[in-house]
Amino acid sequence: MSIRILFFYAVVILSTLSTRAQSCSAFFSYNNSGLIASFYDLSLGASSNTQYSWKFGDGDSSMLKEPVHTYQNSGIFQVCLTISDSINCTSTICDSIIVSNFSSNCDAAFNFSIDKTNSVIFTDQTTPISNYTYKWDFGDSTFSSFQNPTHNYKKTGIYPVKLKAYIPGAASCITSDTLYVNYCESKFNYTSLSRDSMHFKGIVASSNSSSIHWDFGDGKSTFGNLNPKHRYSSSGLFTVTLSVFDSTSNTSCSYADTVRIKAPKICQIGFKAIVNDSNLHVLSTAKNFTNIFYSFGNGDSSFVDNPIYTYKKNGVYSVCQTVYNATTNCTKTTCDTVTINVPKACLADFDLSLNLDTLEILNKAKSYNSIVYSLSNGITLSHPNAKIILSNNGPLQVCQFIKNSVNNCRDTLCKTINIVLPPKCTASFNYTQTGPTVQFKNNARFYDFITYYFGDGDSSIIENPEHLYQNSGTYLVRQKVVNKLTNCESFFEDSINVFIPPRCLANFSVTIVADSVSIRDLSSNNNYCRYDFGDGFSTTNRNPKHTYSRNGTYRICQTVIDTTNNCESIKCLDVSIVLPKICDPNFDAIVVQDSLFILNKATNYNQLEYSFGDGNSSSESNPVYIFKNSGTYQVCQTVFNERNNCQKTQCKSIAVTVPPKCLAGFEYSIKEDTVRFANTASFYEKVFYDFGDGKVDSIENPQHVYDKNGLYVVRQTVFGKDGNCVNVFHDTIEISVQRLCQAKYQIALDTSKRGTLYLINTSTKRNSHNYLWNFGDGETSNGRTPTHKYENFGLYNICLYISDDDLGCMSSYCEEVGLDSNGYLLKNKGFLLRVLDGSFVGLDEESDKEKHMNIYPNPTKNSIQIESNMLINSMAYELLDVNGKIKAEGLVNEANNTIELSHIQPGMYFIRLWNSNQFVVKRIIKQ
Numbered sequence: 018m019s020i021r022i023l024f025f026y027a028v029v030i031l032s033t034l035s036t037r038a039q040s041c042s043a044f045f046s047y048n049n050s051g052l053i054a055s056f057y058d059l060s061l062g063a064s065s066n067t068q069y070s071w072k073f074g075d076g077d078s079s080m081l082k083e084p085v086h087t088y089q090n091s092g093i094f095q096v097c098l099t100i101s102d103s104i105n106c107t108s109t110i111c112d113s114i115i116v117s118n119f120s121s122n123c124d125a126a127f128n129f130s131i132d133k134t135n136s137v138i139f140t141d142q143t144t145p146i147s148n149y150t151y152k153w154d155f156g157d158s159t160f161s162s163f164q165n166p167t168h169n170y171k172k173t174g175i176y177p178v179k180l181k182a183y184i185p186g187a188a189s190c191i192t193s194d195t196l197y198v199n200y201c202e203s204k205f206n207y208t209s210l211s212r213d214s215m216h217f218k219g220i221v222a223s224s225n226s227s228s229i230h231w232d233f234g235d236g237k238s239t240f241g242n243l244n245p246k247h248r249y250s251s252s253g254l255f256t257v258t259l260s261v262f263d264s265t266s267n268t269s270c271s272y273a274d275t276v277r278i279k280a281p282k283i284c285q286i287g288f289k290a291i292v293n294d295s296n297l298h299v300l301s302t303a304k305n306f307t308n309i310f311y312s313f314g315n316g317d318s319s320f321v322d323n324p325i326y327t328y329k330k331n332g333v334y335s336v337c338q339t340v341y342n343a344t345t346n347c348t349k350t351t352c353d354t355v356t357i358n359v360p361k362a363c364l365a366d367f368d369l370s371l372n373l374d375t376l377e378i379l380n381k382a383k384s385y386n387s388i389v390y391s392l393s394n395g396i397t398l399s400h401p402n403a404k405i406i407l408s409n410n411g412p413l414q415v416c417q418f419i420k421n422s423v424n425n426c427r428d429t430l431c432k433t434i435n436i437v438l439p440p441k442c443t444a445s446f447n448y449t450q451t452g453p454t455v456q457f458k459n460n461a462r463f464y465d466f467i468t469y470y471f472g473d474g475d476s477s478i479i480e481n482p483e484h485l486y487q488n489s490g491t492y493l494v495r496q497k498v499v500n501k502l503t504n505c506e507s508f509f510e511d512s513i514n515v516f517i518p519p520r521c522l523a524n525f526s527v528t529i530v531a532d533s534v535s536i537r538d539l540s541s542n543n544n545y546c547r548y549d550f551g552d553g554f555s556t557t558n559r560n561p562k563h564t565y566s567r568n569g570t571y572r573i574c575q576t577v578i579d580t581t582n583n584c585e586s587i588k589c590l591d592v593s594i595v596l597p598k599i600c601d602p603n604f605d606a607i608v609v610q611d612s613l614f615i616l617n618k619a620t621n622y623n624q625l626e627y628s629f630g631d632g633n634s635s636s637e638s639n640p641v642y643i644f645k646n647s648g649t650y651q652v653c654q655t656v657f658n659e660r661n662n663c664q665k666t667q668c669k670s671i672a673v674t675v676p677p678k679c680l681a682g683f684e685y686s687i688k689e690d691t692v693r694f695a696n697t698a699s700f701y702e703k704v705f706y707d708f709g710d711g712k713v714d715s716i717e718n719p720q721h722v723y724d725k726n727g728l729y730v731v732r733q734t735v736f737g738k739d740g741n742c743v744n745v746f747h748d749t750i751e752i753s754v755q756r757l758c759q760a761k762y763q764i765a766l767d768t769s770k771r772g773t774l775y776l777i778n779t780s781t782k783r784n785s786h787n788y789l790w791n792f793g794d795g796e797t798s799n800g801r802t803p804t805h806k807y808e809n810f811g812l813y814n815i816c817l818y819i820s821d822d823d824l825g826c827m828s829s830y831c832e833e834v835g836l837d838s839n840g841y842l843l844k845n846k847g848f849l850l851r852v853l854d855g856s857f858v859g860l861d862e863e864s865d866k867e868k869h870m871n872i873y874p875n876p877t878k879n880s881i882q883i884e885s886n887m888l889i890n891s892m893a894y895e896l897l898d899v900n901g902k903i904k905a906e907g908l909v910n911e912a913n914n915t916i917e918l919s920h921i922q923p924g925m926y927f928i929r930l931w932n933s934n935q936f937v938v939k940r941i942i943k944q
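By my numbering, the letter at position 620 of the sequence shown is numbered 637, and the numbering carries on one by one without gaps.
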C-alpha cells in the first residue's frame, strides 16, 4: 500500500508543477507477477477524449488506457506512456521496470563433449530458460560470453571450468565442473582381507563420466566399483588390471599389478534366474559342494541343481541358493530377487492435478475401449482426459472404470484429492461527503489491485481515497478490484450528488502593439474589476488600453471581486515592452577592380536606396554594381522609416580601377613559303591563329609553311582573363615561291664524335615531297634524314633527288663527300653518315645573316661569346642538338653576350638567335 500512496503524492506534485505549462500530465504505476506486467494510468488532466500510447521497451506497444503486457524474457525494460487530447495537449513519461519469471534464483548448469583434437563443445542447461548474460572461464586463462561456446585447448590436461549466468536486477547463478581433456590416469593398491580375499583401492584421474573395469586375473571382473573386494577360489599368481574409459573424450588408460593367493578349496555359490511370465528357470554356477538347496520365497523349495518352478501369483520373490561341503564344512547362501508380472489384458491408471478451482484428470490407462470417471460429488465423466471446475472444498474421490470388450477385461482405480478453493474477490465501498469533498471507505475483499473511477475523469489506486470534485453534478463512482491469482474481477458502483456554488474567476488576454497594450476581459462571476499595469497606472475599465513610456517587462494584474459570495480572484501576466527605434544607416563597401559589393548593416528601416556617384542608384538591400570607368566615387546609403518619420544617409568614398581590355595584334616576316609571326597582342590570357589555309595554331609566335602560292587572310584572336574580353586582328599575306622543289644539303663534321659525318638537309620541305639518296657506294635510301654506314674510307659522290607529283616539280643536288683514315678515324673502320633536317634550325636563312655575327671560341669547352651589331636589341636564343631537342634557351644583348655551356655534353649543336627583325643559325662544337 505504501508504494501506491507514494505514487499518489508524486501525481499531486507533478500536477502542481505542470499546471502552469499545460493541462495534461502523463503518469502511471505498474505491478508485475512473473513476466506479466499490469499498467495503471495515473495521468492528470485526462478525459474521455484522451488517447494513450504505451511502449513496453521490448518492441511491443498498446493503445489501451491500462494494458496488461506479457514479456518473453526476464530483464530491465524502459516503459513510456504518451497521452494526447483534442486541445493539442501532449505529455510523455518513461520509467524502467524489472520483470522476472524467477520464483527463486536461477540454477546454472552445463554439459560438454570433447573430441580427439582437444576441442570442447559446451551446452548451456541453466534453468529456468531465459535471456541470460553468460560468462565462461575455461580454466586456461581464456573466457567467452557466448551461450554455447566451442573452445580448443592447446594441450591435454585437467581444467576447472566455471559458468556464470545472470540477468541484471533479476537473477544470478554460478556452477563449475572439472574437465579431463583427453586426459586419463589410473593406479591402485591392495590389502589382504584373508588368505583368499583382497581389498583393491583404485586411484583414478578422469571425468565423472568415466567407467571403471577391474580384471582380477582369475577370469572374473567387475564394473563401476572403484574399491572392490574380491575372493579367489584357487591359489596362484594373478595379474590384476584396472581400466578406465572416459566416454566424454573417448580416452582410456589402465594399470596392472600381480597378487599371490594361497586359498583353500571351499564351496562356491552362484546361480542365474531366468523368468518367463510365471515360470522361473534356475541355472546353478555353484562349485565344490556336496548338497544344494533352493527356496522360492513363497514357502516352496527344491533340492535340484537347476530347478524349474511356476509361480501362481504375481509378485516380487526372493530366491535363495544354499550349498554345503561336508569335507570342508563349508556352507554358503546367496539370494536374488525375481519379479513375476503376468500382465493383465487391461490396466486402469490416471493422475490428478488441481490448479486453483480447476481439476484436471490425466488418463494413463492401457488396453481399453471404454472409460468412465465417477466423482464423489455425483459428477460422471466419459472423456479420457477431463477438466472440471469445482465449487466446494473438501476431499474428493475420483474412480476410473475401464473395460476391454475384446478380451472381456475390466479394471478400476480410485484416488482421493483434498480440494482447497481460493476465495472470490468482492468489490464494495461506502462514503461520507462534505460539500465537494468525498471520503471513500473500502469494503472490498480478496483482491490484489484496486482502482476507483470518480466519474469526472480522475481515478485512484488508494484503498480509502479522498476526492475533491471541481464542478456540481451527479457522478457515477466505480470501484474495480482484481485478484490475479484467481483471475477474478469484481465491480461496485454508486452515484454521488455534488453541488458547488459558482466562484468568481479572474481571466483576461493581452494584445501588444509596440509600446501599447489592449486588454480583453475574460473573467466570470464578479461585480468588480480592477487592472494594475505595473508602471503605477491602474483602472477599473473592464477592457482598457494603455501606452508605456519606457522599455521593460511589466506585470499586469487583474483583481475581480464577487461581493455577494465574498469571493476574490487575481490573475497576473508579464508583458515585454520595446519602444520603436529610430532608423540607422550602415553598410560595408568591397571593391574588386570595377565591381562594387555592398553588405547592408542598416537597422530600423522599411525602405533604403543606394547612389553610386555616377548617376545610377539601386533599392536592393545588398546590390552588386559594375563601374564603366576608373575613378573615385561617393557611394551613399539612405534609409527611411515611415512610422517614426525617420530618414538618414551614410556615404563612403571608394576608388575604382577598371581593368584594361584585351587587344589583338601581330607582325610577320616571309621567307619563300614560310611565314614567321611575332605576337604584339596585350592584356590577354590565350591566343589563337587561323592561317587562312584551313590550319590553326595556339602558340605565341608561330612559324607556318604554306603549301601553295596565293593570298591568305590570317586572323589572330585573343581572350582576356576569365573570358571577359575577346579581340580579333587580321592581316593579308601573299605567298609567291618561284621554285617549289629545291634539293640541297650542307656538310658538317663533329670532332667530338669521330667517324661521323653530318649532312644538313636544307632542301625545301613539303609533306608531298619524295626523297631519294644515292650514297655513292651502291646503297640508296628514302626519307628526309637517313643514316648510312660506310664500310671503307674514301670519297663518295652523294646525290639527293626530290620529286613532288602534287606540285609537279623535281630537283637534284650532288657533291663528292668522304673521310680518310687520318685524324679521328685512324682506329676505325669505315665511317657513319647522318643526315640532319636543316629546317628545324633554320639553316635556309643562315647564309643571309651569318656575316653579321661572330661566335667564339668554336669549338669550345665551357662557354661562347657572341659579337654582332644585332645585339643592340635583345635577341632570344635556343641551343639545339642534332635531333632538334632544345638544350638551353634565354636572352642575349650587348651587355650580356656570354652563354654558359659547361653543363652540355660534348657534341655538335646548333644555336638559333632571333628578334622581331633578325633570325640567325650557327653551328657549335662542344668539346
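Backbone N, C-alpha and C define an ideal beta-carbon position, used for all residues, glycine too.
As DSSP reads the structure, Val96 sits in a beta bridge with Asp112.
About 5 Å separates the beta carbon of Phe683 from that of Phe694, a gap short enough to meet the 8 Å contact definition. Runs of the alpha helix (DSSP H) lying entirely within the region 769 to 811, each at least 4 residues long, are absent. From the listed residues Leu888, Ile191, Val299, the smallest Cα separation to Val937 is found for Leu888.
As summarised for the region 42 to 111, the continuous beta strand (DSSP E) elements at least 3 residues long and confined to that stretch are 45 to 50, 53 to 58, 68 to 72, 85 to 87, 92 to 101, given in chain order. In this structure, DSSP gives Leu680 an extended state, which the three-state scheme calls strand. Non-local beta-carbon contacts of Glu911 in its own chain, meaning distances under 6 Å to residues more than five positions away in sequence, involve Leu888 in chain order.
Separation of Gly234 and Thr275 (C-alpha to C-alpha, rounded to the nearest whole angstrom) is 9 Å.
Going by DSSP, Val494 is part of the beta strand (DSSP E) stretching over 490 to 500. In this structure, the straight-line span from the alpha carbon of Phe792 to that of Glu833 is close to 10 Å.
Between Phe127 and Leu52, the CB-CB gap reaches or exceeds 7 Å.
Taking a 10 Å sphere around the C-beta of Gly630, we find 16 or more other C-beta atoms and assign the residue as buried.
Residue pairing for Thr620: DSSP places it in a beta bridge opposite Asp601. Annotation for Phe463: Pro440, Lys441, Cys442, Thr443, Asn500 place their beta carbon closer than 7 Å to its own, counting only its chain and skipping 5 residues before and after. Judged by DSSP secondary structure, Met892 falls within the beta strand (DSSP E) whose first and last residues are 892 to 898. The beta carbon of Arg277 sits closer than 6 Å to those of Leu254, all from its chain and outside the five residues before and after it, given in chain order.
Phe466 and Phe508 have their C-alpha atoms spaced approximately 12 Å apart. In the DSSP assignment, Phe516 falls outside any beta strand (DSSP E) and carries neither an H nor an E. From the listed residues Ser227, Thr451, Ile479, the smallest Cα separation to Tyr486 is found for Thr451. The Cβ-Cβ distance between Asn118 and Ser91 falls below 7 Å. Note on Lys204: under 16 other CB atoms within 10 angstroms of its CB, so exposed under the neighbour-count rule. A residue is called buried once 16 or more other Cβ atoms fall within 10 Å of its Cβ, and Tyr545, having fewer, is exposed.
Annotation for Glu906: the continuous beta strand (DSSP E) segment containing it runs 903 to 909. The region 99 to 110 makes contact with the region 48 to 67; the number of CB pairs closer than 8 Å reaches 3 or more. In this structure, His230 is the residue among His230, Met215, Asp213, Ser214 with its C-alpha nearest to the C-alpha of Val221. Unbroken beta strand (DSSP E) runs of no fewer than 3 residues, entirely contained in the region 437 to 499, are found at 446 to 451, 454 to 459, 466 to 470, 483 to 485, following chain order.
When DSSP states are grouped into helix, strand and coil, Lys246 belongs to the strand group. In this structure, Glu689 sits near Val754, with a CB-CB distance shorter than 7 Å.
Note: Ser628 is bridge-paired with Ser634, Cys653 in the DSSP secondary-structure output. For Phe255, the pairing in a beta bridge is given by DSSP as Val276. Going by beta carbons, Val336 and Val292 fall outside the 7 Å limit. For Ser384, no beta strand (DSSP E) segment is defined, and its DSSP state is neither H nor E.
Between the alpha carbons of Gln720 and Glu751 lies a gap of roughly 15 Å. Judged by beta-carbon spacing, Gln759 lies beyond the 7 Å limit of Ser686, meaning their Cβ atoms are not closer than that value. Going by C-alpha positions, Arg559 is about 44 Å away from Phe457.
A distance below 8 Å between beta-carbons, with the five flanking residues on each side excluded, links Gly156 to the following residues of its chain, in chain order: Tyr176, Pro177, Val178, Lys179, Leu196.
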